[in-house]
Structure formats: structure tokens, C-alpha cells
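Please read the structure below before turning to the comments.
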């Protein structure tokens with residue numbers, strides 16, 4: 001398994017409100033977390049970093065391997081807990097009022113891949129030469145597209161395309177979605193913020209995946225492509241390649 005994480009402030013933002021990291025448990029399981037902060041001043045930066053580190057800390061403190069039976073329950077609980085934690089932190093200091101963040105998280109084991117998300121940061125799976133979007137944006141634009149009020153093409157240019165309908169920390173309660181996949185259906189995984197998907201088309205992302213087996217080069221190339229297209233937002237990508245190899249591995253990944 002190969003892991004590559006890259007982030008860029010983009011060409012039009014003064015600060016990077018994205019934050020991402022990955023963590024390994026004592027049981028050879030992996031948690032990948034990517035957040036895109038929302039809120040004025042530095043509130044978005046704080047929200048995304050706090051959320052990522054909170055999930056990582058809880059994961060590293062696990063005292064047993066997560067099975068299919070309890071993995072979904074654990075993910076759901078930790079999302080609800082970090083939402084409460086962030087919401088309460090936002091009430092303590094004036095400059096953090098209203099802070100929040102999107103979240104896309106993936107738990108990878110030798111048997112299954114679990115994906116959860118809140119907001120419009122996405123998870124994609126590349127398998128057998130095809131790229132599949134596995135999350136559905138919690139966003140105003142996506143609601144308008146689903147209702148038929150606008151087309152997908154119009155959504156790409158909509159002035160409120162960055163408005164999310166769910167986020168971590170903004171309200172006392174949060175809605176999230178979970179998806180479980182057998183590991184043999186996930187050759188490569190990509191988590192990304194909307195700074196990529198708003199600037200680079202699905203077809204171009206597919207081309208990048210099909211043309212390279214160097215996953216560090218792939219992630220850098222995708223970030224560069226988003227910046228070359230205008231870089232209107234922060235861009236963050238985690239690529240996890242050759243996930244199938246986990247089935248055969250007993251120890252460390254490469």
C-alpha cells in the first residue's frame with residue numbers, strides 16, 4: 001500500500017483552511033482524515049486541524065481491532081463526539097464563533113474499507129480502470145441539482161457552490177453518511193477537498209489515474225492541475241494506492 005498526501009493554498013486564498021493526516025493503529029488498521037474548514041478569520045483553520053487531530057487521537061487509543069460489526073458504530077460515535085467537541089470549543093472564544101469543517105474519513109482494514117463524510121469533501125475509488133465517486137455532496141448546489149432546479153454544468157458555476165448543508169461543529173447535531181466496501185473492490189482510494197473537484201473535471205482525474213502508477217506523482221499532478229485551472233480554493237488530496245496489497249501483508253506497508 002502506498003500513501004501520498006499533498007495540500008496547496010491555491011492561487012486566490014491567503015491561508016489554507018484544509019487539514020489532512022493519516023494514522024495507523026496497533027492492529028495494522030489505517031484511518032485517513034481530510035477536512036476543509038469553514039468560518040471567518042482563522043476559525044476554519046482551527047476547525048479542520050482540531051477535527052483531524054481529535055479523530056486521530058481517538059483512533060490511536062483503540063485497545064482492540066475494529067471489526068465489521070463495530071467499525072461503523074465507532075466511526076459514527078467519533079463523528080458525533082468531535083462535532084460536540086468543536087461546537088463547544090466555538091462557544092468559548094469569540095473569534096471561533098461559527099467555526100466548522102467538512103469531513104471525509106476512511107478506515108482501511110485487511111477485509112473492508114469504510115468511508116464516512118460530512119459536507120462536500122469527497123471520496124473516490126479507482127478500480128479496474130474506472131473512477132467512482134463514493135460520496136454525495138452535502139451542499140446547496142447538490143440539493144438544487146437533485147431537485148432539477150439547475151443542471152450539473154450550472155452547478156459548477158453557481159455563486160453558492162461552496163455552501164454546505166452539513167458540517168462538523170456548526171450546530172449541536174450533525175448528519176453524516178457511511179459506506180462499507182469489500183477491500184477487493186478498492187484498488188486505489190482518493191480523498192479530496194472541493195478545491196480539486198471544482199477545478200479539475202472527473203474525466204481529467206480519470207486520465208491522471210490511468211496514466212501513472214507513481215501515487216506521489218499522481219497527487220502532486222492533481223494539485224498542480226487544480227492550480228493551473230485557476231486555483232480558486234485550497235486543494236488537498238490523499239491518495240492511497242494498491243490497497244489490495246494489504247490482504248497479503250502481515251507487517252508494515254511500503
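In UniProt numbering, the protein residues as written are 1 to 254. Using N, Cα and C, we set each Cβ at its ideal position, and we do this for glycine too.
- Minimum Cα-Cα distance from residue 222 among the listed residues 21, 236, 232 corresponds to 236.
- Note: residue 30 is bridge-paired with 24, 108 in the DSSP secondary-structure output.
- In the same chain as residue 138, and ignoring 5 residues on each side of it, the C-beta atoms closer than 6 angstroms to its own belong to 119, 164, 165, 166, in chain order.
- By the criterion of a C-beta distance shorter than 6 angstroms, residue 239 is surrounded in its chain by 4, 190, 215, 218, 219, once the five residues flanking it on both sides are discounted.
- A buried status is given to residue 193, since no fewer than 16 other beta-carbon atoms sit within 10 Å of its beta-carbon.
- Look at residue 170 here: in three-state DSSP terms it is coil, with no helix or strand label.
- Residue 202 counts as exposed, since fewer than 16 other C-beta atoms from the protein chains shown sit within 10 angstroms of its C-beta.
- If you compare the alpha carbons of 53, 64, 186, 7 with that of residue 245, the shortest gap goes to 186.
- Pairing residue 55 with residue 33 gives a Cβ-Cβ distance under 8 angstroms.
- Straight through space, the alpha carbons of residue 44 and residue 74 are spaced by roughly 25 angstroms.
- Its chain contains 98, 100 as the residues whose beta carbon lies nearer than 7 angstroms to that of residue 170, once the 5 sequence neighbours on both sides are disregarded; these appear in chain order.
- In summary, residue 134 is buried, with 16 or more beta-carbon neighbours lying within 10 Å of its beta-carbon over all protein chains present.
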